[in-house]
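Student: The structure follows.
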Amino acid sequence: MSPASTQSACRTCGSPRLRLGLDLGLLPLANSFLPPQRAVDPTPEPRYPLRVFYCENCGLIQLRDIVDMREMYDDYAFLTATATTSLIHFDQYAEDMTRRLSLKSADLVVDIGSNDGTLLKAFRRRGTTVLGVEPARNLANQAMAEGVPTLNEYFGPDTVERIGTHGARLITANNVVSHVQDLNGFMESVSNTLASEGIFAFEVPWVVDVLRHYNFDIIYHEHLSYFGFKSLSDLLGRHDLELIDLQHFPLIHGGSFRGLAAHPRTFPRQSDTITRVFQDEKTGADFATLNEFAYRVHDIRRRLLELLQDLKRKGKKIVGYGAPAKATILLNYCSIDRSILDFVTDTTPLKQGRFVPGVRIPIVHPDEFRKAKADYALLLAWNFKDEILKKEQEYLRSGGQFIIPFPEPLILGQNSR
Ligand code: TMP
Ligand code: ZN
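Just so we're aligned: 214 in numbering that gives the first Met the number 0 is position 215 of the sequence shown, and the numbers increase by one with no gaps anywhere.
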């Protein structure tokens with residue numbers, strides 16, 4: 000373990016005027032699910048400061064404490080293909096972009112942070128040439144074993160060289176830009192890789208939605224920036240790229256946007272949509288809003304813990320549902336440990352048998368959830384609420400209830416829907 004380094008200036012504009020808005024304390028790395036032997040070792044796992052700052056110059060909300068990337072990404076437990084909602088979203092994504100660019104078999108689609116290759120498989124089904132770029136070894140190997148050509152590296156100048164300058168008709172990067180430390184270097188490489196008539200499509204959770212819904216658990220060490228499109232547009236502009244369109248997906252990760260960018264004057268710019276979004280960001284992501292968010296986050300912690308402790312006193316059996324990275328943040332920040340949750344259930348084989356870091360709650364196969372007949376399930380994968388409630392009708396019919404943490408703790412049973 001190496002200590003986190005603290006950056007002194009804003010990640011995009013370089014201003015030193017960074018103002019603290021929220022301090023979540025020292026928390027473990029969200030995706031470092033513990034193997035069984037580590038979970039019985041009394042030595043505590045590494046914890047790093049998680050503090051959220053506001054740049055008084057450009058408005059970018061960001062972390063300053065940076066953890067070594069190798070600690071976070073060499074071996075990665077997040078898989079794209081774990082929810083039907085995501086599979087449908089990415090299939091539709093490939094369909095939209097294939098049509099928009101009239102992609103042909105010779106056109107190259109590069110996906111940065113390609114994970115298990117889910118999106119690229121959807122493009123390949125439509126006949127285009129694909130290439131993934133994925134730093135996590137386990138994921139790159141898995142994608143390659145499934146026939147998706149993948150470079151096991153961080154996207155950067157070497158990748159541009161391997162692909163060839165302006166060699167990609169479409170570059171996609173979903174939930175990647177928020178993870179990038181050197182944003183200017185990253186955008187420069189995107190610009191150099193993108194064909195003159197190409198599109199760069201990227202998805203990020205929208206900071207306005209994060210703040211509006213109090214989704215503090217998506218704040219973790221990997222997510223260095225919480226974007227609005229004003230700062231992204233300024234950043235793109237410095238690298239010969241222009242924001243041309245925005246599409247909102249309210250149900251993806253609690254509210255995401257897909258931004259489309261291209262070299263200037265290549266495609267028409269959807270100015271009305273862009274202006275509207277910039278306008279929303281002026282009041283929806285300023286320092287006052289971040290402050291209000293911090294206040295509500297403390298309140299949600301208190302109320303959620305009180306609710307759970309009250310149910311425990313009444314002898315109720317409670318488990319956790321889903322072990323996304325955000326579960327690590329929610330459970331540790333709210334001090335919800337094994338005295339409250341018997342286990343957390345998750346469909347990802349890579350996570351089953353492991354433990355949530357910090358609170359060390361075991362992660363089990365969904366069969367265990369079926370057998371346990373819990374009274375309450377704390378919905379940690381809240382972004383898949385609709386899919387999960389639909390799937391768990393039997394649990395609900397037999398009297399089981401869900402506890403939904405956001406925007407405020409709420410109990411949801413068959414009769415309360
Ligand atoms: P994510 O929110 O980071 O995409 O991760 C969602 C997690 O929830 C992932 O580990 C899979 C898990 N999950 C279940 O266990 N059951 C489900 O029905 C769904 C949709 C997700
Ligand atoms: Zn700034």
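Yeah, the Cβ is synthetic: ideal placement off N, Cα and C, and Gly gets one too.
Can the beta-carbon of I317 be found closer than 8 Å to that of I339?
Tutor: Within the sequence shown, the letter at position 318 stands for residue 317. Within the sequence shown, the letter at position 340 stands for residue 339. Taking 8 Å as the Cβ cut-off, I317 and I339 qualify as a contacting pair.
Student: Please indicate yes or no: does the CB of S14 lie closer than 7 Å to some heavy atom of the ligand ZN?
Tutor: Mapped onto the sequence shown, residue 14 falls at position 15. For the ligand ZN, at least one heavy atom lies less than 7 Å from the Cβ of S14.
Student: Using the Cβ count rule (16 or more neighbours within 10 Å means buried), how would you classify I87?
Tutor: For the purposes of this step, residue 87 is taken as the residue at position 88 of the sequence shown. Exposed, by the Cβ-count rule.
Student: Could you compute how far the alpha carbon of D374 sits from the alpha carbon of E196?
Tutor: One-based indexing of the sequence shown puts residue 374 at position 375. One-based indexing of the sequence shown puts residue 196 at position 197. Each residue's Cα considered, the two are about 56 Å apart.
Student: Which residues share a DSSP beta bridge with S224?
Tutor: Within the sequence shown, numbered from 1, the residue matching residue 224 stands at position 225. According to DSSP, which records beta bridges pairwise, S224 is partnered with Q61.
Student: Quick one: give me the first and last residue of the alpha helix (DSSP H) that R168 is part of.
Tutor: Reading the sequence shown from its first residue, position 169 is the one you call residue 168. Premise fails: R168 lies in the beta strand (DSSP E), A167 to N173, not in any alpha helix (DSSP H).
Student: Can you give me the Cβ contacts of D336 inside the same chain, cut-off strictly under 8 Å, excluding the 5 residues immediately before and after it?
Tutor: Translated into the one-based positions of the sequence shown, residue 336 becomes position 337. These residues qualify, in order along the chain: L330, V358, R359 and I360.
Student: Nearer than 7 Å: is that true of the beta carbon of K384 relative to any heavy atom of the ligand TMP?
Tutor: Sequence index remark: in the sequence shown, residue 384 carries index 385 (1-based). False, no ligand heavy atom lies under 7 Å from that Cβ.
Student: Pick helix, strand or coil for V355, following the three-state DSSP scheme.
Tutor: Looking up residue 355 in the sequence shown gives position 356. It is coil, neither helix nor strand.
Student: Give a yes or no on whether the C-beta atoms belonging to L49 and G24 are separated by under 8 Å.
Tutor: Within the sequence shown, residue 49 is the residue found at index 50, counting from 1. Within the sequence shown, residue 24 is the residue found at index 25, counting from 1. Closer than 8 Å, so yes.
Student: Mind checking whether F32 and N214 have CB atoms under 8 Å apart?
Tutor: The sequence position of residue 32 within the sequence shown is 33, counting from 1. The sequence position of residue 214 within the sequence shown is 215, counting from 1. No; because the gap between Cβ atoms is not below 8 Å, this pair is not in contact.
Student: Is L59 a contact residue of the ligand ZN, with contact defined as CB to any heavy atom under 7 Å?
Tutor: Counting from one through the sequence shown, the residue named residue 59 turns up at place 60. At least one heavy atom of the ligand ZN is nearer than 7 Å to the Cβ of L59, so yes.
Student: In the segment 339–395, which residue ranges form an unbroken beta strand (DSSP E) of at least 3 residues, counting only runs that do not cross its ends?
Tutor: Taking only runs of at least 3 residues, the beta strand (DSSP E) segments lying wholly in the segment 339–395 are 375–378.
Student: Can you check which of these residues, F89, D239, V66 and V51, is closest to G116 by C-alpha distance?
Tutor: By one-based count along the sequence shown, residue 116 stands at place 117. For the residues F89, D239, V66 and V51, the minimum Cα distance to G116 belongs to F89.
Student: For S101, which of helix, strand or coil comes out of DSSP?
Tutor: By one-based count along the sequence shown, residue 101 stands at place 102. S101: coil per DSSP, three-state reduction.
Student: Return the CA-CA distance between R295 and D106, expressed in angstroms with no decimal places.
Tutor: For the purposes of this step, residue 295 is taken as residue 296 along the sequence shown, with counting starting at 1. For the purposes of this step, residue 106 is taken as residue 107 along the sequence shown, with counting starting at 1. Spanning the two alpha carbons is a distance of roughly 48 Å.
Student: Taking only heavy atoms of the ligand TMP into account, decide whether any of them is closer than 7 Å to the Cβ of D239.
Tutor: In the sequence shown, residue 239 corresponds to position 240, counting from 1. D239 Cβ: outside cutoff for every heavy atom of the ligand TMP.
Student: With burial defined as no fewer than 16 other Cβ atoms inside 10 Å of the residue's Cβ, what is the status of S230: buried or exposed?
Tutor: Within the sequence shown, residue 230 is the residue found at index 231, counting from 1. Result: buried.
Student: Measuring only the C-alpha atoms, how far is L310 from I402?
Tutor: In the sequence shown, counting from the first residue as 1, residue 310 sits at position 311. In the sequence shown, counting from the first residue as 1, residue 402 sits at position 403. Going from the Cα of L310 to the Cα of I402 covers about 11 Å.
Student: Quick one: Cα of S177 to Cα of P204, how far?
Tutor: Reading the sequence shown from its first residue, position 178 is the one you call residue 177. Reading the sequence shown from its first residue, position 205 is the one you call residue 204. Distance between the alpha carbons of S177 and P204: 9 Å.
Student: Flag this pair as touching only if the segment 383–402 and the segment 343–356 have three or more C-beta atom pairs under 8 Å; answer yes or no.
Tutor: Judged by Cβ distances under 8 Å, the segment 383–402 makes no contact with the segment 343–356, as fewer than three pairs qualify.
Student: Residues in its own chain within less than 7 Å of K315 by CB, not counting five upstream and five downstream?
Tutor: The residue given as residue 315 occupies position 316 in the sequence shown. For K315, where only same-chain residues beyond five positions count, the Cβ hits under 7 Å are D374 and Y375.
Student: Quick one, which of T288, I243 and N30 has its alpha-carbon nearest L210's?
Tutor: Taking the sequence shown and counting its residues from 1, the one referred to as residue 210 is at position 211. Out of T288, I243 and N30, T288 has the C-alpha closest to the C-alpha of L210.
Student: Heavy atom of the ligand TMP less than 7 Å from the Cβ of F77, yes or no?
Tutor: Position 78 of the sequence shown, counting from 1, holds the residue named residue 77. Yes; taking the cut-off as 7 Å, the Cβ of F77 has a heavy atom of the ligand TMP nearer than that.
Student: Sorry if obvious, but does the Cβ on T11 come closer than 7 Å to a heavy atom of the ligand ZN?
Tutor: As a working note, residue 11 is residue 12 in the sequence shown. Because some heavy atom of the ligand ZN lies under 7 Å away, the Cβ of T11 counts as near it: yes.
Student: If we call anything under 8 Å between Cβ atoms a contact, is I198 one with L259?
Tutor: Residue 198 sits at position 199 when you count from the first residue of the sequence shown. Residue 259 sits at position 260 when you count from the first residue of the sequence shown. Yes. Within cutoff.
Student: Is G314 helix, strand or coil by DSSP?
Tutor: Taking the sequence shown and counting its residues from 1, the one referred to as residue 314 is at position 315. Reduced to three states, the DSSP call for G314 is coil.
Student: Which residue marks the beginning of the beta strand (DSSP E) containing S255, and which one marks its end?
Tutor: The residue labelled residue 255 in the question sits at position 256 within the sequence shown. Here the beta strand (DSSP E) through S255 covers S255 to A261.
Student: In chain order, what residues of the same chain have a beta carbon less than 6 Å from the beta carbon of A29, not counting five sequence neighbours either side?
Tutor: Numbered from 1 along the sequence shown, position 30 holds the residue referred to as residue 29. Answer for A29: Y219, A324, T327 and I328, listed in chain order.
Student: Quick test of your reading: L130 and V109, contact by CB under 8 Å. State the CB separation rounded to the nearest angstrom.
Tutor: If you number the sequence shown from 1, residue 130 lands on position 131. If you number the sequence shown from 1, residue 109 lands on position 110. Their Cβ separation, rounded to whole angstroms, is 5 Å, which keeps L130 and V109 in contact under 8 Å.
Student: Distance check for A284 and R18, CA to CA, integer angstroms please.
Tutor: For the purposes of this step, residue 18 is taken as the residue at position 19 of the sequence shown. For the purposes of this step, residue 284 is taken as the residue at position 285 of the sequence shown. Distance between the alpha carbons of R18 and A284: 14 Å.
Student: When the Cα atoms are used, what is the spatial distance from I251 to S224?
Tutor: Taking the sequence shown and counting its residues from 1, the one referred to as residue 251 is at position 252. Taking the sequence shown and counting its residues from 1, the one referred to as residue 224 is at position 225. Between I251 and S224, the C-alpha separation is close to 18 Å.
Student: Do R46 and L78 have their C-beta atoms within less than 8 Å of each other?
Tutor: Residue 46 sits at position 47 when you count from the first residue of the sequence shown. Residue 78 sits at position 79 when you count from the first residue of the sequence shown. No, they are not a contact pair.
Student: Go ahead and pull the three-state DSSP assignment for S14.
Tutor: Counting from 1 along the sequence shown, the entry for residue 14 is found at position 15. Looking at S14 - three-state DSSP - the assignment turns out to be coil, as it is neither helix nor strand.
Student: Could you check which residue in C57, G58, D74 and F52 has the C-alpha nearest to that of I65?
Tutor: Translated into positions along the sequence shown, residue 65 becomes position 66. Nearest of C57, G58, D74 and F52 to I65, Cα basis: F52.
Student: Looking only at C-alpha atoms, which of D216, D244, Y320 and A8 sits nearest to V276?
Tutor: Counted from its first residue, the sequence shown places residue 276 at position 277. Nearest option by C-alpha distance: D244.
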